[in-house]
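Per my numbering, numbering of the sequence shown is gapless, rising by one per residue and ending at 1152.
Each residue gets a CB set at the ideal place from its N, CA and C atoms; glycine is no exception.
Notes follow the structure.
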Amino acid sequence: MKEQSGSLYHIQPRLDDILNDVAPFPYTLGAFIAFLSERRCLETVEFLLETERYRRIYHWLEHKTETYEAIRKAHLSGLWNRLINQYIRPGSKREINISCEIRQQLMQQFYNRGGDPPPPQVLDQVVKSIKELLRGAILIPFLRRSSATARVQSLSMPSLNNSLCEAATSASHFEDDIKVNRRPREDYPSHLGPSRDDRKGRGERVSLSAEMRPQEVHDIWFLASAIKLVTTVAALQCIKDGLLTLTGNLSSVTPNLTSKQILTSFSNDGSTPIL
878 MKEQSGSLYH IQPRLDDILN DVAPFPYTLG AFIAFLSERR CLETVEFLLE
928 TERYRRIYHW LEHKTETYEA IRKAHLSGLW NRLINQYIRP GSKREINISC
978 EIRQQLMQQF YNRGGDPPPP QVLDQVVKSI KELLRGAILI PFLRRSSATA
1028 RVQSLSMPSL NNSLCEAATS ASHFEDDIKV NRRPREDYPS HLGPSRDDRK
1078 GRGERVSLSA EMRPQEVHDI WFLASAIKLV TTVAALQCIK DGLLTLTGNL
1128 SSVTPNLTSK QILTSFSNDG STPIL
């Protein structure tokens, strides 16, 4: 029996999974959009996404009370007009490649109904045609290139099947300054006395809260709070910008700014979401 690979690169996702952005890396919707943009056929996936948006809003507003009827009709009419004028009407800027028969049917539907938005089912045939076009001409080349790109990237970064184990062993130079339970370094402050590992080796009972000074508890609490309130990228940016200083060990993590100032700067900047 052939051994299955632990990597996700061998998985061939369906087109619908990619469009719904539920396919595994590297077959993401963003990568698919970038691939289509390179081939100057981005309007096809844009049409599919806007059609799905029209479908969801139509069914959602369908169950609302009559007070929403005017809003429902105006909103759906705007979406319907955009779909026709942007993607279906002959000679439009983002005209999609569909058969003349399907195009004539949709244009006839557009003229007959006036401003009344039709049910999403009238778009089923054109959606099916576009998806068949993508499966036949775009999907396979996209899957091949994405898989090859992911395999090349895996040579310079931990792969999905061994990411945790390899990262823990190969990135020790980074973890050395942030890991809590590690062996003492030569530059460990002598005034703190024997390390926790040394005391455990001599058979002494060690209480984490008893051996830590109030300032150390505050430092760890502050770092834990920061991790909960900002993303990992924001925390690394704090270190880079000097808002946090990492030295020999975790107990010496000291903020150059107060937690209130840091959180205020992030919330005012607006570039980093607060969890």
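Whole-number beta carbon distance between residue j and residue i, since they are thought to touch under 8 Å
i: Ile1007; j: Phe924; result: 6 Å
i: Pro994; j: Trp957; result: 4 Å
i: Arg980; j: Leu892; result: Incorrect: roughly 22 Å between the Cβ atoms, too far for contact.
i: Glu920; j: Arg971; result: 4 Å
i: Leu1000; j: Thr928; result: 5 Å
Separation of residue j from residue i, as counted between CA atoms
i: Asn974; j: Ala947; result: 34 Å
i: Phe912; j: Tyr988; result: 35 Å
i: Gln982; j: Leu1010; result: 19 Å
i: Pro855; j: Ser976; result: Only positions 878 to 1152 of the chain appear in this structure, which leaves residue 855 out of reach.
i: Asn897; j: Gln986; result: 28 Å
i: Arg918; j: Leu938; result: With the sequence shown as reference, residue 918 is identified as Cys, and Arg is not the correct amino acid for it. C-alpha separation (whole angstroms): 32 Å.
i: Arg916; j: Pro1018; result: 11 Å
i: Glu978; j: Val899; result: 33 Å
i: Pro901; j: Ser969; result: 35 Å
i: Pro997; j: Arg930; result: 10 Å
i: Met984; j: Gln1002; result: 14 Å
C-beta neighbour in chain D for residue i, strict 9 Å
i: Glu978; result: Absent from the structure: chain D. Only one protein chain is present.
Buried versus exposed call for residue i [16 or more other C-beta atoms within 10 Å across all chains shown]
i: Ala1025; result: exposed
i: Ser914; result: exposed
i: Ile895; result: buried
i: Ser1023; result: buried
i: Leu960; result: buried
i: Trp1098; result: Low local confidence applies: a pLDDT of 46 at Trp1098 is under 50, so the model's placement there is unreliable, with the coordinate-based value given in what follows. Trp1098 is exposed by the Cβ-count criterion.
Distance cut-off 8 Å: residue i Cβ against heavy atoms of the ligand MG
i: Leu896; result: Annotation note on the ligand MG: not contained in the displayed structure, which lists no ligands.
For the stretch 888-963, which segments carrying the alpha helix (DSSP H) assignment without a break, of at least 4 residues, lie completely within its bounds, in sequence order? 892-896, 906-915, 919-939 and 946-960
Is the stretch 954-971 touching the stretch 920-936, taking contact as three or more C-beta pairs under 8 Å? yes
Stretch-stretch touch, CB-based, cutoff 8 Å, three pairs: the stretch 928-937 with the stretch 950-959: yes
Using 8 Å as the Cβ pair cut-off and three pairs as the minimum, do the stretch 903-916 and the stretch 994-1009 touch? Look at the beta carbons and you see the stretch 903-916 not touching the stretch 994-1009: under three pairs across the two are nearer than 8 Å.
Going residue by residue through the stretch 967-1016, where are the continuous alpha helix (DSSP H) segments of at least 4 residues, counting only ones entirely within it? Listed in chain order, they are 977-990 and 1001-1011.
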